[in-house]
Structures are given as C-alpha cells and as structure tokens.
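What follows is one structure encoded as structure tokens, with my remarks underneath.
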Amino acid sequence: MLSIADPLKKILKPGPQGRPDSLAFRLHRQITMVGLLAGSLLVTSRQYFGDPIKCIQRDDVPPALLETYCWVYATFTVPSAFELQVGVQVPQPGVDRSNDERAYHQYYQWVAIVLALQGLVFYLPWAIWGGLEHGLLSSLVSRQKHGKEASIVDYLRLHQGAHQSYFWNYLICESLNFINVLVQFQITNVFLDGSFTPLGSNYISYIRGNLEVDPLLRLFPRMSKCIFHRFGSSGDVQKLDALCILPLNILHEKIYIALWFWYILLAVLSAFLLAYHCVSGCHTCSERDAPMQEGFSPPSGCQDGYNRPWTTTRGLVLAGIPRQQPGRPLLPRGG
C-alpha cells in the first residue's frame, strides 16, 4: 500500500507560498485529485485484487484466449435475472440461461484510465490560476523574506487600483472549479451509461428498504456472462457460454458511490465559496472606496479590511504574504 501512496505525497503538499489559495482550490486539486488518482492506482494493482477477469467454461477454448476475448468485447448481465432467487432460479445475481435481454458493462476495462484523466482535470483550474497570477505574490513574498517590506508598501501605493484584473482572474478560476465538478459528474454518468445520476438516491432507497435489488450490485456485478463464437469441426458456428468473475467491481462500487456523494458535496461547497468570495470581494470597502492613505490606514467602517483576505482586491494580494510575527500586520496602520 505504501507503494501506491508514495506518488501522491507531493500532491498533498500545500500550494506554492505566495500564490493565493483557498479552501475551494484545496478541495479540488488536493482531496479530489488525490482521491481519483488513488482510485486509479488501486484499480491497476494486481497484487491486491489479482487478474481483472476470470472466465470459466466447459469447452476446449484456452482460458487465456477466452478471458482476453471477454475483456475486449465486454461481458453482460441479464437485468431480469436480478429479481430471481439466487441459488434456486439463478446461480448468481444477473446471470441466467436467457440471453435475449442484455446489459453490457463496457466501462469495466476503462475505469482506471478515466479516473486518472478526471483527476488531472481537477488540477487544471489551479494550473490556469498559476499562469494568470504571473508570480506576483511570489515576488512580494521574496521581498518580505529579505526584509524589504518598505518596497512592498511602495509597490502597492504606486499600483493602487491596478489589480482589479488579478481579483477577477481569481474568481474566474474558482468558477472553473464549480463548473468542472458539474461537468465531471455528467461525464461519469455518460461513462456508466446513464446509471451514475440516480446511483446515490437509489442506494439510499435500498438501505431504507424501498428497493429489493442493490443498485450497486446491478451496476457493478461480481459475475457476468460472455458469449464466444467459433467454427466447429464440421464448419458450423458454435456458441459458447462462459461465466466471468469481475473482482474489480468490489472496488468499483465503493469508488463510484463515494464519488457520487463527494461530487454533490463538492458542488455545494464550491458554489457557496464562490458566492462568498464574489460578494465579499465586491464589498463596499473596495479600492475605490478605501484609497491608500499614509501608512495604509483604512477608512471608518473597514478597520479590519487589511486582515480579511477577500475584502478588497488589494486584500487578495496581501492574503498570500505571510506575517513575520504572529499578530503583527505586514503593513502598518496609520494612527
């Protein structure tokens, strides 16, 4: 398990000092991205789950050939068989003699790739913000580390009102976080053939006893069927029925039910944080209403303006500059 966690340690580290960060970015680029990449790595770890597919049949078809065929062409279950009694009417849930009604599970071999790609997409808004930020705060932090706080004061006085685009670029990138989680939810739904959207609500109904069949078992069956066609000794086409075990679905079901609830929570939190930052960033204590005075003393009604990172555009800039001493602001107030 340590071998899986090692590649993710660097991602969990905080963002570069001197780039304004927020809870929204950390939720997307750290928790969500790491979770998706960890899921992708687990799916591909044969040391924990063995081969991704194992098929059994009574004919003389080589097992490796049959398993490769069923892996490439996907396996299927019979939806009506989930309603039948296991051990009496059917051998396993979703497995029946009838092949007229089929539900193919074509997602199975692509889960690891899709999870990895989705994880990388959750990093994009942060990467875009890094490009738009142009290293402004890194430069200011570097000056502060070298004791050049006076130059920071001079810079902010000289460029008063010149950072409006900086603030709006940040809001745009944070908006991308919110849009991205909605898009990823829809992409996952398409990937699972429309079964992802109702997955969480159906699972809750199943726990409450309102549904008889586990929706996770219906979407992620442990055993499925595969039909292999070949020429017989007389030249006629023979149809071979095989049963295939899908061990990775034990993991898939847990990943996707967790993603359903996490995407919902993440969308709500992202929307709330975006609205909060937008409203507080456009607060009446803006740079136009709070002109820089000697010593940067804020006007009446905005006495804590420079200690709240989202109050003004200039406050957004100062949010990324660490304080040298606890409780001591970087810029002195006028008195």
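Each residue of the sequence shown is one higher than the one before, starting from 1 at the first, in the UniProt record's numbering. C-beta atoms are modelled at their ideal positions from N, C-alpha and C, and glycine is treated no differently. None of these values were measured; they are calculated from a predicted model.
In or out: residue i buried (at least 16 other Cβ within 10 Å) or exposed?
i    : result
Q186 : exposed
I204 : exposed
V190 : exposed
G131 : exposed
I53  : buried
L66  : buried
A64  : exposed
I255 : buried
E133 : buried
S234 : exposed
F231 : exposed
F261 : exposed
S165 : exposed
Assuming contact is defined by CB atoms lying nearer than 9 Å, are residue i and residue j in contact in what I supplied?
i    : j    : result
S270 : A38  : no
H28  : Y170 : no
L192 : L42  : no
L115 : N180 : no
Q118 : L36  : yes
D96  : P247 : no
T32  : S224 : no
Q57  : L240 : yes
A112 : T68  : no
V90  : A81  : yes
I264 : G209 : no
Cutting at 8 Å between CB atoms, please list the residues of its own chain near residue i, excluding the five before and the five after it.
i    : result
Y73  : C226
L273 : S22, L23, A24 and E174
V86  : Q92 and P93
W126 : G15, F25, H28, R29 and C173
V268 : none
When you compare each of the options to residue i by their alpha carbons, which one comes out closest?
i    : options                   : result
E253 : A267, D214, G232 and F231 : D214
Q106 : S280, R230 and F220       : F220
S195 : I257, D59 and K239        : I257
N99  : F228, N249, P198 and L266 : F228
L182 : I113, G209, L259 and W129 : L259
C244 : D236, L265, R222 and V237 : R222
L176 : W129, Y206 and S234       : W129
Q238 : R46, D59 and F49          : D59
L266 : F231, Q184, N249 and D236 : Q184
T77  : A275, A242 and V279       : A242
If you reduce the DSSP assignment to three classes, tell me which class residue i lands in.
i           : result
Y123        : coil
Q106        : coil
L243        : strand
S175        : helix
Q92         : coil
S224        : strand
T32         : helix
Q238        : strand
R230        : strand
D304        : Legend: pLDDT at D304 = 44, less than 50; position of this residue unreliable, value from coordinates given subsequently. D304: coil per DSSP, three-state reduction.
F196        : coil
T68         : helix
I56         : strand
V279        : helix
V78         : coil
residue 345 : This structure cannot speak to residue 345, because the chain is shown only from 1 to 335.
P62         : coil
V213        : coil
N189        : helix
S98         : coil
R218        : helix
G334        : For G334, the predicted model reports a pLDDT of 39, less than 50, meaning its position is unreliable and no value from the coordinates is stated.
S297        : Low confidence applies to S297: its pLDDT is 42, below 50, so where it sits in the model is not reliable enough to give any reading.
G131        : helix
For residue i, which residues from the same chain have a beta carbon less than 6 Å from its beta carbon, with the 5 sequence-adjacent residues on both sides left out?
i    : result
L120 : none
E83  : none
F178 : S270, A271 and L274
Short of 7 Å in beta carbon distance, which residues of its chain neighbour residue i, apart from the five on each side in sequence? Order them along the chain.
i    : result
P79  : E101 and A103
L217 : P93
T197 : N189
N202 : L211 and P215
Q206 : A small correction: the amino acid at residue 206 is Tyr; Gln does not occupy that position in the sequence shown. Taken in chain order, the residues that qualify are D214 and P215.
F49  : P247, L248 and L251
So, does the CB of residue i fall closer than 9 Å to a CB anywhere in chain D?
i    : result
Y276 : Absent here is chain D; the protein component of the structure consists of one chain.
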